[in-house]
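Participant: From first to last, the protein sequence lines are chains G and D. Following my numbering, the numbering of the first sequence begins with 447 at its first residue and continues without gaps. Following my numbering, the numbering of the second sequence begins with 631 at its first residue and continues without gaps. By construction, the Cβ of each residue, glycine as well, lies at the ideal position given by its N, Cα and C atoms.
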Amino acid sequence: MSDELNNRIRVFRAEHRLSQGDLAEKIGVSRKTISTIEVGRFIPSTVIALKIARYFEVPVEEIFSLAEE
Amino acid sequence: MAKQTETVTQFYERFIQRTAVAMLMMAFIYTISAFALVGGPSVAAIVDFLDRPLGIVIIIIMLPVFAKMVWLRIRQKNKCREADSFVAVTFKDAASRAFSVTFLTLILLLALSEGPLSDFPAAFFINIITAVSLATCSGWFLYANRDIEEDDDFGDADDHEDHAGNEERGA
Chain G
447 MSDELNNRIR VFRAEHRLSQ GDLAEKIGVS RKTISTIEVG RFIPSTVIAL KIARYFEVPV
507 EEIFSLAEE
Chain D
631 MAKQTETVTQ FYERFIQRTA VAMLMMAFIY TISAFALVGG PSVAAIVDFL DRPLGIVIII
691 IMLPVFAKMV WLRIRQKNKC READSFVAVT FKDAASRAFS VTFLTLILLL ALSEGPLSDF
751 PAAFFINIIT AVSLATCSGW FLYANRDIEE DDDFGDADDH EDHAGNEERG A
């Protein structure tokens with residue numbers, strides 16, 4: 447589903463000692479949504495991507511990036 | 631025994647999942663109803679036997695979550711809608727696939743209704759189309775939502791590097 451999009455959500459979660467459920471609750475989505483984004487099965491909407499970035503207080507491109515060709 | 635609190639988002643996803651299960655059961659009811667129309671009294675008796683219990687099960691599955699959904703919409707309005715979630719997006723995808731399959735089935739049944747199935751009643755075709763539509767939507771949704779429970783740990787320290795999700799866990 448998302449061979450084109452890399453993400454570092456797991457890295458940021460580890461740094462902040464957050465479970466998927468914790469992060470999901472903080473940004474108002476379900477754990478399943480976070481889980482599927484994290485494993486690359488689901489490409490998040492712009493709104494969800496921005497919410498995640500805002501929560502971790504980093505630019506969105508630090509979390510999400512296009513995969514190299 | 632503490633009961634874990636369900637967030638609005640989690641409830642919304644549960645609502646969609648139950649809707650998909652109910653749709654699959656309805657598809658089954660429409661299918662057997664279609665064959666009851668052309669299968670004679672013995673098939674009709676089986677349908678009569680199954681129809682009501684399945685309908686009751688659907689009501690039992692859907693009524694509590696539907697009532698809670700209405701209540702949430704009254705109380706919190708848009709807060710119970712999470713249009714961007716994985717489950718919601720998957721359901722929309724399933725609905726669009728169901729539309730395509732339904733359309734193709736309509737064309738097929740149209741051809742059959744003018745040929746070998748010309749003696750069949752219109753209700754048969756309507757039931758079949760409805761069943762195909764419901765089964766495709768719910769079936770695709772449930773298939774797309776299979777086995778997506780993932781580990782929820784923080785990973786090791788040396789795991790702190792960029793990763794493409796589908797490489798790490800073989801999604």
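At which residue ranges does the region 708-761 of chain D contain complete beta strand (DSSP E) runs of 3 or more residues, listed in the order of the chain?
Facilitator: For the region 708-761 of chain D, not a single whole beta strand (DSSP E) run of length 3 or above is found.
Participant: Which residues, in order along the region 493-509 of chain G, keep a beta-carbon less than 7 Å from a beta-carbon of chain D?
Facilitator: Those would be V493 and I494, in chain order.
Participant: Can you look up L702 of chain D in the DSSP assignment and give me helix, strand or coil?
Facilitator: Of the three classes helix, strand and coil, the one that applies to L702 of chain D here is helix, per DSSP.
Participant: If contacts are defined as beta-carbon pairs under 8 Å, then A724 of chain D and C767 of chain D qualify, I think. What distance do you get, rounded to the angstrom?
Facilitator: Confirmed, Cβ separation roughly 5 Å.
Participant: Check whether the region 638-654 of chain D and the region 686-693 of chain D are in contact - that is, three or more C-beta pairs closer than 8 Å.
Facilitator: Segments in contact, yes.
Participant: Leaving out five residues before and five after I498 of chain G in sequence, what residues of the same chain have Cβ atoms less than 7 Å from its Cβ?
Facilitator: I455, I473 and I509, listed in sequence order.
Participant: Looking at the strands, I want to know which residues DSSP matches up with F502 of chain G.
Facilitator: DSSP output for F502 of chain G lists no bridge partner at all.
Participant: In this structure, does DSSP put L667 of chain D in helix, strand or coil?
Facilitator: Note: L667 of chain D maps to helix in three-state DSSP.
Participant: So, is the C-beta of C710 of chain D closer than 9 Å to a C-beta in chain G?
Facilitator: Residue placement at C710 of chain D is flagged as unreliable, the pLDDT there being 48, under the threshold of 50; a coordinate-derived value is accordingly withheld.
Participant: Would you please verify whether the beta carbon of K472 of chain G is less than 9 Å from any beta carbon of chain D?
Facilitator: So, not an interface residue.
Participant: Name, going along the chain, the residues of the region 640-654 of chain D whose beta-carbon falls closer than 9 Å to a beta-carbon of chain G.
Facilitator: For the region 640-654 of chain D, which is checked against every Cβ of chain G, the residues closer than 9 Å are Q640, Y642 and E643.
Participant: Would you kindly check if the distance between the Cβ of D749 of chain D and the Cβ of V493 of chain G is under 9 Å?
Facilitator: No. Outside cutoff.
Participant: Can you pull the chain G residues whose beta carbon is under 7 Å from the beta carbon of S715 of chain D, in chain order?
Facilitator: Here the neighbours are V475, S476 and T479.
Participant: From the beta carbon of V695 of chain D, is the nearest beta carbon of chain G less than 9 Å away?
Facilitator: Answer no: the Cβ-Cβ gap between V695 of chain D and chain G never drops below 9 Å.
Participant: Are the C-beta atoms of V673 of chain D and some chain G residue less than 9 Å apart?
Facilitator: No - not a single Cβ of chain G is within 9 Å of the one on V673 of chain D.
Participant: Going by DSSP, what residues sit across from N452 of chain G in a beta bridge?
Facilitator: Partner(s): G:S511.
Participant: In three-state DSSP terms, what is T482 of chain G?
Facilitator: In the structure shown, T482 of chain G sits in a helix (DSSP, three-state: H, G or I).
Participant: So is P746 of chain D buried or exposed if we call it buried at 16+ other beta carbons inside 10 Å?
Facilitator: Exposed is the call here.
Participant: Taking Cβ-Cβ distances shorter than 8 Å, what residues in chain A pair up with T760 of chain D?
Facilitator: Judged by its chain identifiers, the structure shown contains no chain A, and its protein chains are G and D.
Participant: Would you mind sorting T479 of chain G into buried or exposed? The rule is 16 or more other CB atoms within 10 Å of its CB.
Facilitator: Buried, because 16 or more other Cβ atoms sit within 10 Å of the Cβ of T479 of chain G.
Participant: Apart from the five residues on each side of it in sequence, which residues of its chain come closer than 7 Å, Cβ to Cβ, to I646 of chain D?
Facilitator: Same-chain partners within the cutoff: V717, A718 and F721.
Participant: Is the number of C-beta pairs between the region 679-686 of chain D and the region 735-745 of chain D that are closer than 8 Å three or more?
Facilitator: No: the two stretches stay apart, fewer than three of their Cβ pairs being nearer than 8 Å.
Participant: Considering only the beta carbon of each residue, do A596 of chain D and I676 of chain D sit closer than 9 Å?
Facilitator: Nothing in the structure corresponds to residue 596 of chain D, since chain D is present only between 631 and 801.
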